[in-house]
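Below is one structure, written out as structure tokens, with a few remarks after it.
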Amino acid sequence: MFSRWARRPLTSLLARLPSQCEVCRAWPSRRVCDACVARFAPPADRCGSCALAVPQGVARCGECMGDPPPLDACLAACDYAWPWPECIAQFKFRGEAGWAGPLSTLMRSVPWVEPALENCDTVLPMPMAPARLRQRGFNQALELARRLAPAKTDATLLLRTRDTPAQIGLARAERLRNLRGAFAVEPLRASQLQGRRVVLIDDVMTTGASLFSAAAALRLAGAAHITAVVLARTAAPH
């Protein structure tokens, strides 16, 4: 634990220095240069409810048409494909806080993200279970949210009430069953969501089960409109 916190000042300093692009090694550059962003995070047609990549002209994927999720909109910056998994791993698991800036900038560049942030009443990062938060030392969704909308970010309104078993390999319906009751709104502040517009922030969206479960809790508390904004979206299973 000490070593992780001891590295934070050095990590913060390095984030301010000129660096190579982590993808193509151009020098000097930001963490990911403009050319690599254009190449590896191009604009894409996505399902408006779950951000899954869809053919041009398709507004909703079949699964969301048949079983609409409790989101009014869902926006993703890129597919969860090379080089983004490695970038996210450096940020999420290796404590490299310098990634929060460039990754949040990538999220902000997506059409409709800026209007969603401007028009919402509050921005909520997806919460982590307390034990996992203690283990990692920070919540990556909160770090992204603070850079996207520092004045609107609320880290304590949406709660993770319990951890869940590993979700790898499970379909969306199975994940939703695992996550039932895993999120709640702070009871003493639930009235603050009545009629409000909310933006949910997360780093990676796999099936959407976690975001949908959190959104359902916000709906029960009276949220009027919920938009999810994520960094990366996994592809549909084949």
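The numbers in UniProt numbering rise by one with no breaks, and the one at position 194 of the sequence shown is 194. Where is the CB? At the ideal position from N, CA and C, for every residue including glycine.
Should residue i be labelled buried (16 or more other beta-carbon atoms within 10 Å of its own) or exposed?
| i | result |
| --- | --- |
| Met-205 | buried |
| Ala-235 | exposed |
| Gln-135 | exposed |
| residue 239 | Residue 239 cannot be examined here, being either before or after the span of the chain that is shown, 1 to 238. |
| Thr-153 | buried |
| Gln-140 | buried |
| Ala-35 | exposed |
| Pro-127 | buried |
| Leu-220 | exposed |
| Arg-160 | buried |
| Phe-93 | exposed |
| Arg-46 | buried |
| Leu-103 | buried |
| Glu-86 | exposed |
| Met-65 | exposed |
| Glu-114 | exposed |
Of all the options the options, which has the alpha carbon lying nearest to the alpha carbon of residue i?
| i | options | result |
| --- | --- | --- |
| Arg-197 | Phe-91, Glu-114, Arg-146, Thr-122 | Thr-122 |
| Ala-232 | Gly-208, Cys-21, Ala-190, Pro-70 | Gly-208 |
| Ala-182 | Leu-158, Ala-73, Ala-223 | Leu-158 |
| Cys-74 | Ala-215, Leu-220, Ala-38, Gly-222 | Ala-215 |
| Pro-42 | Ala-151, Ser-29, Ala-53 | Ala-53 |
| Glu-143 | Ala-223, Ile-201, Glu-186 | Ile-201 |
| Pro-69 | Trp-82, Cys-87, Val-58, Cys-50 | Cys-50 |
| Val-229 | Asp-163, Trp-82, Val-185, Ala-145 | Ala-145 |
| Ala-44 | Thr-105, Ser-19, Ala-77, Phe-91 | Ala-77 |
| Glu-118 | Ile-88, Pro-125, Lys-92, Pro-150 | Pro-150 |
| Leu-188 | Arg-219, Thr-156, Met-107 | Thr-156 |
| Ala-38 | Ser-109, Gly-48, Leu-71, Ala-100 | Ser-109 |
| Gly-222 | Val-32, Gly-195, Asp-203 | Gly-195 |
| residue 246 | Ala-59, Cys-47, Trp-82, Cys-61 | Summary: the structure shown does not reach residue 246, with the chain confined to residues 1 through 238, and so no result is reported for it. |
| Asp-203 | Leu-148, Met-65, Ala-131 | Leu-148 |
| Cys-24 | Trp-84, Phe-138, Asp-67, Leu-106 | Trp-84 |
| Tyr-80 | Ser-191, Trp-27, Ser-29, Phe-40 | Phe-40 |
| Leu-133 | Met-107, Arg-60, Arg-162, Ala-116 | Arg-162 |
From the DSSP output, which residues share a beta bridge with residue i?
| i | result |
| --- | --- |
| Ser-19 | Ser-29 |
| Phe-183 | Arg-160 |
| Leu-124 | Leu-200 |
| Arg-46 | Ala-53 |
| Met-205 | Arg-233 |
| Ala-228 | Cys-74, Leu-200 |
Taking the continuous beta strand (DSSP E) assigned at residue i, which residues delimit it?
| i | result |
| --- | --- |
| Cys-78 | 73–79 |
Would you give the residue range spanned by the alpha helix (DSSP H) that residue i belongs to?
| i | result |
| --- | --- |
| Phe-138 | Where Phe-138 is concerned, there is no enclosing alpha helix (DSSP H), given that its DSSP letter is neither H nor E. |
| Asp-34 | 34–40 |
| Arg-108 | 100–108 |
| Cys-61 | Here Cys-61 belongs to no alpha helix (DSSP H), and DSSP marks it neither H nor E. |
| Pro-85 | 84–92 |
| Glu-96 | No alpha helix (DSSP H) holds Glu-96; DSSP gives it neither H nor E. |
| Ala-116 | 113–119 |
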